[in-house]
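Below: the structure, in structure tokens.
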Amino acid sequence: MPFISLTKTTLLFLLCQLVTNVAFASSTTLSVDESFERATVNDHASIIIAPNSATYFDILRGAVNSNSVVSKEKNQRLWFSTNLHHSGYSAIPLVLNIDRLNVDDLQIYLLDDSERIIRSYRYQASKGDYSLRQPLPTIRLPFTLQPYQDARLLIGIQDKGLTQFPMVIWERDLLKQHDTNMLTLLGAVSGMLSLIAFYFLFSYVQQRMPTRFWLTMSSLVLLALLFITQGGLSLWPSLTNAIELAFIVCFCMLLLCIGKVTHHLFERIPFILRAVNFIIPIAVTVYSFTLDTYAITLAILLMMACMGLYHVFLAQLFRDKDSIAVSRTYSVAWLSFFAFYALVVLNLFGDLVYTVQSTIGMLFFLTTGFMCFGFAVITKERSLNQKKLSNQAETIENLNHFYDLFRNSAEGHYTSTWDGELISVNPAMCKVFGYQNEAQMLSEAASTKAFYANPEDRHILLGEISHQGHVTGKEIRGKRQDGSEFWFSLSCQIRENDDGNFLFGSIIDITEKKQSDLSLQYLATHDSLTGVYNRRQFETEFKAKVAKCGALPTCLLFLDLDRFKVVNDTCGHKAGDVLIKDIARLIENSLNPNALLARLGGDEFGIIYTDTDEDEVYLSAIRILNAVQAYRFMWDNRIFNLGVSIGMVVCDDPTVSAGNYLSMADAACYFAKEQGRNQVHKYNKDDESMQRYQRELDWVSSINLALEEGRFALYYQSLRPLNKPNDGHYYEVLLRLHEADGRIVEPANFLPTAERFEMNVSVDKWVVTNTFKWLADNPQHLAELKRCSINLNCHSLADRDFTLFILNAFETYGIPYHKICFEVIESVAIIKMEDTLNFMQTFNRLGCSFALDDFGSGFSSYSYLKSLPVSLVKIDGMFIKDMLNDSVDTAMVASINDVAKAMGMQTVGEFVESDAIMAQLGKMGIDFAQGYGVSKPAPLSEFTPL
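What follows is the structure, given as structure tokens:
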């Protein structure tokens, strides 16, 4: 506000100096004769600044100082004094015309040479004057000068806005002609703007082009401005004083509309610069409501000039090189607006009068600018249409290309109606269903209903498409031309056009995959050797039965074969496998219908009893024990007798989890072995089986001491590439524990206890930290390293803090992410699926790789394997070690390798103990070999390359 006040004072001072000089330099007498047409009073008047309380009489008597220059306040008035002299010989009718209606207080006095009032008129904008003529209302005072009559014209102006505006004396007939011309001109311009607005509005409705809508709005705003400029608000006299506010609101709306047009014409303008086009006009408009009318006028002029230059700047900076004409036409539009702007400034601050000629010039520049906007929009749309035509031509070319792909695709493609009528097929489609060519298929199989072995499958498919709009990879049992059935995968979507609904589908023959997948699904829940449930399915079933409360508690038997290792070591693994299968059948034949048998490990079995009395369960355990004891196993003329140790648990405490019950059964079985084997021990928390837990607690203590004292040691076992030269170091990091007496303990002795007591996270952290530290301390080794594999446990994957710990370790030691591979055991990955996925996705994005260890031991289904983002599959050694002598093992290894390769994964064969097995794996396409036949585990600190 201080800045505005200073600006107003400065302008007023300059204005007063100017008018004072004009008053002394120009004559204050206006001569009138028969040739008179019009004259501006401002050019023939002396100017006096007087207090608002001064009357015309005070002005006549010179009671105020005409040369005084004071600040502009509400209690002051500007007086114009002009002497009129009639030098002609006939009476001349004259009219004083003032176009400005928003004057706070206007007083007009016409005095004779005796200073008597001939005519007087007073106008106040806040009160208005209903007698003003319509349309084109102006303030007018008609009078007639007689021959040789002298008169004096006094005009007093008190206003908070501009006080210097043209006041013109017209010859009456000329003014009438001027009014007629102006009315005709404004009618023509209004009609033209209305036609332009309706044109753009109609074209917007038809084409939905945003620029046309904003041009329509701009036309309407211009019509509103034209209405206000020509005194339209005088229809409501109380609004006359709000003309400046109405102007700035309309100009704000105009700038916003033009801003939208600018943004559509120049799409590369960034968001921040676009926001300026909206923020400044709105801010200036809102701020103007706190200013007086004079400052509002200045705000309008400054805002329009600055925003106009800003728009031209944007048009030149972000012009489209492919359509330079748009930016040029747009700039011409603003040049026309600037010319209009200059004429307005001359009218406000100069001596330009609204005549027909000046009005024509102003309206010419205004309409020219607006029409140039329209031409710029049309040019832009023409450019866009040309691009669309170019894109359409490219689309047609692509369609021809896609048609070639359709014809030559290895997938079967077809188009049909919703009712199943075939419209088109490709050669691959004919081959899938056993037809010779397209013509034969379209004639003999007129409907897709013939494709389905079960017609109900088609109704289900249509229901899914109707609900979702498409289906992807739906597996369906189909029927070929010769009636044979097969499996195919169908992806289909619905498209609508004027002729109805059409189905577009692709078909792939998945018969072999389906058969393999069914086998994988079976192996996901069953043990591949014995055919009974595997450990994962057993635990799932056991959790469900423990959670379900029945009349009788669930009972659990944990079986561990005695002297199985003797057979395995004496006769080999093949004999051990035969023995396990025989024992599984033997146990299964001894069970009642309410029992569920599963193989939990190498020589361990579990049995779940439901709805069975615990005494009957105990008797069943005795029968199994006797059956196994009576069994004789023969191999290579050798006879072996076996036994079985059985732990029994009654699950009658709802507060105990299924995992704890399994631990109790394991403890009871262990106690049975400790008591001499081949017996049944029923778990009792108060008996000596607690000694087992005490020993496990001893291991817990040993593990904690090893972590504190650094008695863990890192070992490694190298992997050999089978299908390429050895291009670097590939190895798996292993763990050993140094006892206090110097003995080296294998991880199989202490890791089960660590897992049971959830100490694996601490152990895994130790392994990761020390591995990374060793790699960081050996930069030459790190540079040659291709892949270092580190095993992780399920508890670590589920621990959020462990993820953060690993991320910090990578940053601390500067280890490249792509050199580290984390190994996850297959059964753990499936049980902890969600946690495993979250961990894998986090480090996959950073570049780490993942390996699925012991794949095949539990046999995950194909869907589980697809959902895990692993890049390496390590085939369980149980399939590798005897594959040269067992065709089933060979087939299983080949099957797993084929599935992995189909999914873009590498494979590793474990337990490779001979060159012959390594050679066979290489022929089968296995990528890496690991085992004693490649390299024995050794301390990492003594690393030796292969």
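For my numbering, add 421 to where a residue sits in the sequence shown, where the first one is 1.
Built from N, CA and C at the ideal position, the CB exists for glycine as well.
Cα-Cα separation between residue i and residue j, rounded to whole angstroms
i            : j            : result
residue 1414 : residue 922  : Residue 1414 lies beyond the stretch modelled for the chain, which goes from 422 to 1367, so this question has no answer here.
residue 569  : residue 778  : 32 Å
residue 910  : residue 882  : 12 Å
residue 853  : residue 1308 : 32 Å
residue 1356 : residue 1192 : 19 Å
residue 612  : residue 469  : 44 Å
residue 769  : residue 585  : 7 Å
residue 886  : residue 961  : 35 Å
residue 791  : residue 571  : 49 Å
residue 1085 : residue 1066 : 14 Å
residue 1424 : residue 457  : This structure gives no information on residue 1424, because the portion of the chain shown stretches from 422 to 1367.
residue 609  : residue 617  : 12 Å
residue 835  : residue 915  : 12 Å
residue 1122 : residue 1178 : 11 Å
residue 1041 : residue 1002 : 20 Å
residue 985  : residue 1092 : 18 Å
residue 901  : residue 872  : 7 Å
residue 558  : residue 729  : 31 Å
residue 1155 : residue 1137 : 5 Å
residue 574  : residue 505  : 7 Å
residue 1430 : residue 614  : A question about residue 1430 goes unanswered here, because the residues of the chain that appear run from 422 up to 1367.
residue 1180 : residue 912  : 48 Å
residue 1135 : residue 1159 : 11 Å
For residue i, three-class secondary structure by DSSP
i            : result
residue 1384 : Here the chain comprises residues numbered 422 to 1367, so residue 1384 is not present and cannot be evaluated.
residue 1020 : strand
residue 500  : strand
residue 970  : coil
residue 585  : coil
residue 651  : coil
residue 536  : coil
residue 1168 : helix
residue 541  : strand
residue 1011 : coil
residue 579  : strand
residue 1139 : strand
residue 569  : coil
residue 1335 : coil
residue 1053 : strand
residue 664  : helix
residue 921  : strand
residue 1269 : coil
residue 893  : strand
residue 690  : coil
residue 1351 : coil
residue 613  : helix
Per DSSP, cross-strand counterpart(s) of residue i
i           : result
residue 657 : Looking at the DSSP assignment, residue 657 forms no beta bridge with any residue, so it has no partner.
residue 513 : 566
residue 725 : DSSP, once it has assigned bridges, lists no residue as partnering residue 725.
C-beta contact flag for residue i and residue j at 7 Å
i            : j            : result
residue 562  : residue 517  : yes
residue 1153 : residue 1210 : yes
residue 1273 : residue 1291 : yes
residue 1293 : residue 1262 : no
residue 973  : residue 1069 : no
residue 693  : residue 735  : no
residue 525  : residue 579  : yes
residue 715  : residue 582  : yes
residue 1102 : residue 1089 : yes
residue 841  : residue 816  : no
Check: How about the segment 982-996 and the segment 1011-1021: do they share at least three Cβ pairs that are nearer than 8 Å?
Finding: These segments do not touch.
### Stretch-stretch touch, CB-based, cutoff 8 Å, three pairs: the segment 617-625 with the segment 665-674
no
Margin query: Under 8 Å: do the segment 1235-1248 and the segment 1256-1269 share three or more Cβ pairs, one atom per stretch?
Written below: Yes, the segment 1235-1248 is in contact with the segment 1256-1269.
Exercise for review: Check whether the segment 733-753 touches the segment 703-716, taking contact to mean three or more Cβ pairs, one atom from each stretch, closer than 8 Å.
Suggested key: No, the segment 733-753 is not in contact with the segment 703-716.
- request: Count the C-beta pairs between the segment 1203-1223 and the segment 1175-1188 that are closer than 8 Å, then say yes if the count reaches three, no if not.
  value: yes
### Task
Determine contact between the segment 1048-1066 and the segment 996-1008, defined as no fewer than three beta-carbon pairs at a distance below 8 Å.
yes
Subject >> the segment 467-482 in contact with the segment 493-509 per 3-pair CB rule at 8 Å >> reply: yes
Touching or not, the segment 1054-1070 and the segment 1016-1023, by the rule of three or more beta carbon pairs under 8 Å?
no
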